[in-house]
Amino acid sequence: MSGPPTSGNNLLSANHPRLPMPAAIEHTLDSEFYCHYKTVVFLVGNTLFRFKASVIAPDPEIEDYELKGYVGDVFKLSNNAPCKTGSGNETRVVLPADVTTQTFRDLLMFSSGGVTNTKLKQILYAVNHGHKEGYTPTLIYRLSKLGHLASRFGMKTLDSWTQRKIQMMLNKSISSLPDNAEWNTEIVLQIVYHAQGTSSPNYQGKIIGCMTQIMCTMVCKAYDNPDRSKDLSEYTIIRICAELYKDKSLSTKSPDIFGFVFAVILSLGPHSPIWSNSLTREDRRILYAANSILTCLHKHTDLDVGWLIEPSYIQGYIKDCSECSKHSNFYAWWGAGFGKCKGLNSRMPTEDICHIVRLLDYKDLLCKGSKGRQNCPKRCPERLVLYVLEHIQSSYCALARKYKYFEETV
Numbered sequence: 004m005s006g007p008p009t010s011g012n013n014l015l016s017a018n019h020p021r022l023p024m025p026a027a028i029e030h031t032l033d034s035e036f037y038c039h040y041k042t043v044v045f046l047v048g049n050t051l052f053r054f055k056a057s058v059i060a061p062d063p064e065i066e067d068y069e070l071k072g073y074v075g076d077v078f079k080l081s082n083n084a085p086c087k088t089g090s091g092n093e094t095r096v097v098l099p100a101d102v103t104t105q106t107f108r109d110l111l112m113f114s115s116g117g118v119t120n121t122k123l124k125q126i127l128y129a130v131n132h133g134h135k136e137g138y139t140p141t142l143i144y145r146l147s148k149l150g151h152l153a154s155r156f157g158m159k160t161l162d163s164w165t166q167r168k169i170q171m172m173l174n175k176s177i178s179s180l181p182d183n184a185e186w187n188t189e190i191v192l193q194i195v196y197h198a199q200g201t202s203s204p205n206y207q208g209k210i211i212g213c214m215t216q217i218m219c220t221m222v223c224k225a226y227d228n229p230d231r232s233k234d235l236s237e238y239t240i241i242r243i244c245a246e247l248y249k250d251k252s253l254s255t256k257s258p259d260i261f262g263f264v265f266a267v268i269l270s271l272g273p274h275s276p277i278w279s280n281s282l283t284r285e286d287r288r289i290l291y292a293a294n295s296i297l298t299c300l301h302k303h304t305d306l307d308v309g310w311l312i313e314p315s316y317i318q319g320y321i322k323d324c325s326e327c328s329k330h331s332n333f334y335a336w337w338g339a340g341f342g343k344c345k346g347l348n349s350r351m352p353t354e355d356i357c358h359i360v361r362l363l364d365y366k367d368l369l370c371k372g373s374k375g376r377q378n379c380p381k382r383c384p385e386r387l388v389l390y391v392l393e394h395i396q397s398s399y400c401a402l403a404r405k406y407k408y409f410e411e412t413v
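Residues in the sequence shown are numbered from 4 upward in steps of one, following the numbering used here.
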């Protein structure tokens, strides 16, 4: 018969209280894509998916892809071991935290297809048959997230399809999208990052070019708003540009967009709340230097603005057309847009920089001015615009290099 507990036992118990067992984490089974008879289990966030592994397998020619280290050998049909990675809830494949359940669900939906999938049919109809005013930043963002995740799984075919559709939607809605209130920094960055990091860069330049055009239109509308009671810093597009400016990786990955954004922030001037409240001391140091130095831009040959100062140089591009090469035609087209730059010889801080911000807007005015020659057999207006676009991109890239120069020397 055992006696009562000793004082030593009581002391031991008091010094080492029994700790509560941690509660088991309960995961949600996805209502659409958790099928008990399927072969592989993935955990995305707090949601478990169970599906046929081949649905998200990389394209046959792709050997290496970003998420390969996470999925292990789940796509190897020869490995039928019951405890292999992804074979059940306990051995599930855990994807990184930046993969959202919605985007992974979209990936499975688009990959598995099915004519009876109503949600898929609705999205495809919106993408393929939507009116240009029906294309929204949110729809483009969703498609971009899908393509980016497909690229990370080595699904190049699906990624290429999303890029093609995104570029089509941006092109068709280039005039209506700037007025859409859905734009925010996350959407813009997602579209740009997808274009940068894709495994299929066919549409990279076109998508980034469209995004710069849309942002330029939005900035110019803010510039030209007759309601002066609203500070520029209060416009969504200006706040977006400020956030993009903070991401210095853009200066290397997408120098054309960064050069444009640098010009926008610089154009606000040192009294802007964006400068004082949204940027670091280091950012302001560079901007103050640039504000004092970047005047009379025609003197800054490293900014590649010679084509703006000497438009007769571009006139040589259409010299073989008997009609379009007439001085009266050319200077009327040019004067409607780029003529406003007035040689980029202003000594006033930000004045010339504002013209640099507006370059794509001036390009649109050039297009309108040359509209009467759209049936030119030599396609002069079209060729001229393409030539101008190349120079605009080059100027923005040069401005990104100028930023790096200030960063290193000021």
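Glycine is no exception: its CB is placed at the ideal position from the N, C-alpha and C atoms.
DSSP beta-bridge partners of residue i
i   : result
L46 : L51, V97
Residue i in three-state terms, based on DSSP
i    : result
L32  : strand
Y37  : strand
T121 : helix
S281 : helix
H274 : coil
W337 : helix
M3   : What is shown of the chain runs 4 to 413, which leaves residue 3 out entirely.
F263 : helix
K87  : coil
K302 : helix
K329 : coil
K209 : helix
L146 : helix
F459 : In this structure the chain extends from 4 to 413, so residue 459 is not present and cannot be described.
P314 : coil
D62  : coil
G72  : helix
C400 : helix
I289 : helix
A225 : helix
W164 : helix
M351 : coil
Y416 : Lying before the first or after the last residue shown, residue 416 is absent from the chain, which here runs from 4 to 413.
K407 : helix
G116 : coil
R231 : coil
Buried or exposed (CB count within 10 angstroms, at least 16 for buried), residue i
i    : result
L389 : exposed
R108 : buried
N294 : buried
C223 : buried
P99  : exposed
P258 : buried
G89  : buried
V413 : exposed
M221 : buried
H197 : buried
Y365 : buried
H151 : buried
H394 : buried
H2   : In the structure displayed, the chain extends from 4 to 413; residue 2 sits before or after that span and is not available.
Q377 : exposed
S176 : buried
A27  : For A27, the predicted structure reports a pLDDT of 48, less than 50, and the residue's modelled location is therefore unreliable. The matter cannot be settled from this model.
N92  : exposed
Beta-carbon proximity of residue i to residue j, cut-off 9 Å
i    : j    : result
Y406 : S254 : yes
A60  : F78  : yes
Y277 : A245 : First, the residue type needs correcting, since residue 277 is Ile and not Tyr in the sequence shown. Their beta carbons are under 9 Å apart, which means I277 touches A245 by this criterion.
V130 : L111 : no
V74  : S115 : no
C2   : L347 : Outside the modelled stretch of the chain, which goes from 4 to 413, sits residue 2, for which no answer is possible.
A184 : T239 : yes
I190 : I241 : no
S397 : C383 : no
M218 : I169 : no
Q207 : T215 : no
K249 : D286 : yes
W186 : I243 : yes
R53  : H30  : no
D62  : T188 : no
V43  : V96  : yes
S328 : Q318 : yes
Expected contact under 8 Å - CB spacing of residue i and residue j to nearest Å
i    : j    : result
F341 : L387 : Contact doesn't hold; Cβ gap of about 11 Å is too wide.
N205 : S163 : 7 Å
L51  : L32  : 5 Å
K381 : D323 : 7 Å
Q193 : K148 : 6 Å
S275 : S236 : 6 Å
T353 : S270 : 5 Å
F409 : I289 : 5 Å
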